[in-house]
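Remember, my numbering sits 483 above the position in the sequence shown when you count from 1.
What follows is a single structure, written as C-alpha cells, with notes after it.
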Amino acid sequence: MTDKTTPEQPAPAGPADAFGAAIGGMLKSMQGLNLPMPQLAQIQSDYVKSATDVWNQSLQRLQPPAAPADAAKPAAIGDRRFAASEWLTNPAAAFTAQLYLLNARALMQMAESVEGDAKTRARIRFAVQQWIDAASPSNFLALNPEALQKALATKGESLTTGMNQLLADLRKGSVSQTDESVFEVGRNVATSVGSVVFENDLFQLIEYQPLTAKVHERPMLFVPPCINKYYILDLQPENSVIRYTVEQGHRTFVMSWRNPDPAMVDKTWDDYIEHGPLAAIRTVQAITGAETINTLGFCVGGTILSTALAVLAARGQHPAHSVTLLTTLLDFAHTGILDVFVDEASVQLREMTIGEKSPRGPGLLKGKELATVFSFLRPNDLVWNYVVGNYLKGESPPPFDLLYWNGDSTNLPGPMYCWYLRHTYLQNDLKVPGRLTVCGEKVDLGRIKAPVFVYASREDHIVPWQAAYASTPLFKGKRKFVLGASGHIAGVINPPAKGKRSHWVNDQLPASADDWFAGATEKPGSWWPEWSGWLKPLAGKEVAAPKAPGNRQFKAIEPAPGRYVKAKA
C-alpha cells in the first residue's frame, strides 16, 4: 500500500517542521473518509450520557459539605496528568480535565471507526492521538492549577525559571529530559575499561579488559545500532551488558560508530557493511587468532550484522559461530507505529533532499530529527511531561543516565539512510532471498549457518515482538527465541542483580508468534542468564586471558570509550 505520487512540498527545515509536516499530511488523509452511521450514532449517544455525568459531578463539587465531618476526599480523575490535589480540589480544573478526557475518548472512538485501508486508519489514529496529547489542559499555564499554585507560592520565580529554561532549550534545539551537566562519557557513563585497537572512517573497535583469569577461546563482537551511541550497552557498571559479558569470561569487542559529519555525506549502505562489521570481524579474527567468533547485533545493529554475515556467506565465508539479535527487525512486514511515517512519497522526498538523487548532492539526516520522531512516539512521557515540568513549573529534570544517552543523538549519511528506508521499511526486501545485492553479493539470510538467539521485548513500540519473532524462520540453523518484559530499551537493559521483570521461553518455534507465546513459560527476573547459558557452550574452551589489548599488528590507539563516541551531532 504505497502512494506513487511525487511530493510537491519542499524539504522540511528541521525536526519540528518535519514532524509537523508528517502530522499535517496524516490529518489531510482524513478528508473524504467515512464514519459508519451506526458507530457514529453510538459514539454521540455515549458522549451525551458521559457529558451529563461529568456536569453533574462538577455541580456536586461546587456544593459545600453540610459539616466538616461530612467532607469527603474528591474522587480521582483517572489520569496521572491530573493526579495532583490541585486538580481534584479545584472544581473548574476538575471539570476541564474530565471534559478533556471525555472529548479525547470520543475523538479516538471516531478515529477507530473510520473506514479505510489499514495504513490510512493507523495514520489517522496516530495523528488524532498526537493532537489529543498536545491539547491536554495540563500543557497550558492558564489551565494548569498546579503550575498556577506554584507560581503564586514562589512569587513568580517558577515562571522566571521556566522561561529561562525554555530559552535555553530553544537555543539547544530540543526539550531537556535530564540534567546533562551531571554526565560525561568516559567518566560516569561508558566506563568499562578497554582500549581502541582499530579505527577507520566509520567506526572504532574497542577491546575490553578481561575481568577473569581465563577467557573463552572464541571472542565476542557487539554490533550496536548506528542511529544511537553504543554506550546504551555500558551505562553504569551495575547495568552494563558489556561488563556482564566480560564477567562471563568472554573476550569482548564492541564497535563504536562514528557520528557522521559533512565529510561523510556520500556514505552508502554498502560502505557501512563492507567497512563496518566486515572490517570488524576481520580485525577480531586477526587479533585473537580465532577462525570463528560469536556475534551480537542490537536493533539496527542486528540488521547490519545479519546483512554482513549474509554477504560473507555468499562469498563462502562463515566466520560467525553464533548470532545474537536483540530487538531486531529483518522482516519489516509489521513495523508498528513507525509504519505511519513510511510510504513512497515520504521515501522519495528523502531521496530527493538528502539521498543520492538529491539535486544538491547527498546530505545528512540530522540526529535531532530522529530524536524528535522517537520522542513523539511516546509524547506524554518524553515531550509534554517535560514541557509542563521544565517550563510551566520551573522544575529542573533530575539526572538520569538513560535519558542522557537518549539525548546524545547521532546523524546518518543520506544515501545510507535512504537505501535502508526504501529496502527495509518500504519494500521489505531483506527477507527475500536474492532480492538485494549488497557489496556485490546476493543477500540470503538463510545461508547463514550459525545458531541464532533472537530476543524481543513484549512492550516494544519500535520493534514489535511479533515482528522480531518473524526473524526466526529466515534462518535455517538452530534457533532460540526469548521474550522479555518491558520496552525497547528497558527490556534489554535488565541486569539479573536487580531481580526485576520476567521473561518467557519456549523451545518450540511454531509459525505464529501468538502460538509461541501460548506455549511459553514465564520465568522471573532477567533474560541475561538465559542468553549466557545458551552462549557458553558456543564460546569454546577457556584459555589464559590476554595481558594486553590488541596484538603487534593492531596496537592500542587510545583508552575506551574513544574519540568517536564523544563527538556530538
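C-beta atoms are modelled at their ideal positions from N, C-alpha and C, and glycine is treated no differently.
Computed from a predicted structure; not experimentally measured.
Start-to-end residues for the alpha helix (DSSP H) that takes in residue i
i, result
"Ser940", "Where Ser940 is concerned, there is no enclosing alpha helix (DSSP H), although the beta strand (DSSP E) it sits in stretches over Val935 to Ser940."
"Asn889", "Asp884 to Gly890"
"Gln991", "Looking at the DSSP string, Gln991 is not in any alpha helix (DSSP H), and its letter there is neither H nor E."
"Tyr755", "Trp752 to Glu757"
"Pro898", "Gly897 to Tyr903"
"Ala762", "Pro760 to Thr771"
"Asp652", "Glu640 to Lys655"
"Tyr583", "Pro574 to Ser596"
Run of the beta strand (DSSP E) containing residue i, from where it starts to where it stops
i, result
"Pro1007", "Thr1004 to Pro1007"
"Glu682", "Gly677 to Glu682"
"Lys1071", "Look at the range of the chain in this structure, 484 to 1052, and you will see that residue 1071 is not part of it."
"Ala776", "A quick correction: the sequence has Ile, not Ala, at residue 776. Its beta strand (DSSP E) spans residues Ile776 to Phe781."
"Leu688", "Phe686 to Tyr691"
Sequence-distant residues of the same chain with beta carbon closer than 8 Å to residue i, five excluded per side
i, result
"Thr955", "Val935, Val937, Arg962, Phe964 and Leu992"
"Gly960", "Ile931, Lys932, Ala933, Pro934 and Val935"
"Ile526", "Ala589, Gln592, Met593 and Ser596"
"Val921", "Trp752, Asp753, Ile756, Thr790, Ala793 and Val794"
"Val537", "Phe578, Gln581, Leu582 and Leu585"
"Asp500", "Residue placement at Asp500 is poorly supported in this model, since its pLDDT is 47, which falls under 50; the coordinates are not used for a value here."
"Glu1025", "Lys697, Val698, His699, Glu700 and Gly732"
"Ala854", "Pro498, Ser657, Asn889, Gly890 and Ser892"
"Glu663", "Tyr887 and Gly890"
"Ala763", "Phe681, Phe686, Leu688, Leu704, Val706, Phe736 and Met738"
"Thr1055", "For the chain, the structure presents residues 484 to 1052; residue 1055 sits outside this window and is missing."
"Gly846", "Val748, Thr836, Ile837 and Gly897"
"Asn1034", "Ala769 and Ile770"
Spatial distance of residue i from residue j (CA atoms)
i, j, result
"Met703", "Pro1029", "14 Å"
"Met509", "Arg608", "The predicted position of Met509 is uncertain, since its pLDDT is 42 and thus under 50; a value taken from the coordinates is nonetheless stated next. So the two alpha carbons sit approximately 9 Å from each other."
"Thr810", "Gly799", "28 Å"
"Gln592", "Ala580", "18 Å"
"Ala617", "Asn627", "14 Å"
"Pro861", "Asp927", "According to the sequence provided, residue 861 is Arg. The question's Pro does not apply to it. Using only the alpha carbons, I get a separation of about 35 Å."
"Arg905", "Gly732", "40 Å"
"Asp754", "Glu839", "14 Å"
"Ser841", "Leu895", "15 Å"
"Val988", "Glu1013", "9 Å"
"Thr651", "Tyr874", "Rather than Thr, the amino acid found at residue 651 in this sequence is Ala. Their backbone Cα atoms lie some 11 Å apart in a straight line."
"Gln648", "Ala566", "25 Å"
"Ala953", "Val825", "20 Å"
"Ala951", "Ala939", "6 Å"
"Ala524", "Ala575", "29 Å"
"Val975", "Ile945", "13 Å"
"Asp600", "Val830", "20 Å"
"Leu808", "Ile820", "21 Å"
"Arg1046", "Lys983", "34 Å"
"Lys750", "Leu761", "16 Å"
"Pro1032", "Thr766", "13 Å"
"Gly929", "Gly923", "18 Å"
"Trp1011", "Asp822", "30 Å"
Cut-off 7 Å between Cβ atoms - residues of its own chain near residue i, not counting five sequence neighbours on either side
i, result
"Val1056", "What the structure shows of the chain is the stretch from 484 to 1052, and residue 1056 is not part of that stretch, so it cannot be assessed."
"Ser985", "Ala968, Glu1005, Lys1006, Pro1007 and Gly1008"
"Gln1036", "Ala769"
"Ser512", "Any reading at Ser512 needs caution, since the residue's pLDDT is 47, under 50, leaving its predicted position unreliable; the model's value is listed next. Answer for Ser512: Thr603, Arg606 and Ile607, listed in chain order."
"Ala1027", "Lys697"
"Leu919", "His906, Asp912, Leu913 and Val926"
"Thr818", "Leu812, Tyr908 and Ala950"
Residues of its chain near residue i, where Cβ-Cβ distance is below 6 Å and the 5 sequence neighbours each way are ignored
i, result
"Gly669", "Pro1044"
"Leu694", "Val729 and Glu730"
"Val611", "Leu590 and Ala594"
"Asn863", "Asp616"
"Lys1049", "Val668"
"Phe666", "Val672 and Tyr887"
"Ser805", "Asn777, Ala933, Pro934 and Leu1021"
Count the C-beta pairs between the region 671–685 and the region 997–1004 that are closer than 8 Å, then say yes if the count reaches three, no if not.
Under the Cβ criterion (8 Å, minimum of three pairs), the region 671–685 does not count as touching the region 997–1004.
Segments of 4+ residues assigned as alpha helix (DSSP H) that fall wholly inside the region 599–635
Runs found: 601–617.
Is the number of C-beta pairs between the region 698–714 and the region 784–796 that are closer than 8 Å three or more?
As far as the Cβ criterion goes, the region 698–714 touches the region 784–796, which means the pair count is three or higher.
So, do the region 767–775 and the region 742–753 have three or more beta carbon pairs nearer to each other than 8 Å?
The region 767–775 makes no contact with the region 742–753, as fewer than three CB pairs between them are under 8 Å.
Taking contact to mean at least 3 C-beta pairs separated by less than 8 Å, is the region 964–981 in contact with the region 1036–1050?
Contact fails: fewer than three Cβ-Cβ distances are below 8 Å.
Are the region 802–820 and the region 906–919 in contact at 8 Å, needing three or more beta carbon pairs?
Contact between the region 802–820 and the region 906–919 is present: 3 or more CB-CB pairs across the two stretches fall below 8 Å.
Decide if the region 872–882 is in contact with the region 622–638; the criterion is three or more beta carbon pairs, one per stretch, under 8 Å apart.
Output reads yes: the region 622–638 touches the region 872–882.
Does the region 676–693 come within contact of the region 893–906, defined as at least 3 CB pairs closer than 8 Å?
Output reads no: the region 893–906 does not touch the region 676–693.
At 4 residues or longer, what runs of the alpha helix (DSSP H) sit wholly inside the region 925–979?
Segments of the alpha helix (DSSP H) lying fully in the region 925–979: 948–952.
Three or more C-beta pairs below 8 Å linking the region 886–896 and the region 639–646
Because the criterion of three Cβ pairs below 8 Å is not met, the region 886–896 and the region 639–646 do not touch.
Is it a yes or a no for the region 755–771 touching the region 734–741, going by three-plus beta-carbon pairs under 8 Å?
With the cut-off at 8 Å, the region 755–771 and the region 734–741 touch.
Completely contained beta strand (DSSP E) runs for the region 702–747, where each covers 3 or more residues:
703–706 and 735–740, all fully within the region 702–747.
Report the start-end ranges of each alpha helix (DSSP H) in the region 807–877 that is 4 residues or longer and not cut off at the edges.
Positions of the alpha helix (DSSP H) runs, each at least 4 residues long and wholly inside the region 807–877, are given as 827–836 and 850–858 in order along the chain.
Only counting runs of 3 or more residues, tell me where the beta strand (DSSP E) segments fall wholly within the region 1015–1047, in order along the chain.
For the beta strand (DSSP E) assignment, the uninterrupted runs of no fewer than 3 residues enclosed by the region 1015–1047 are, from N- to C-terminal side, 1025–1027.
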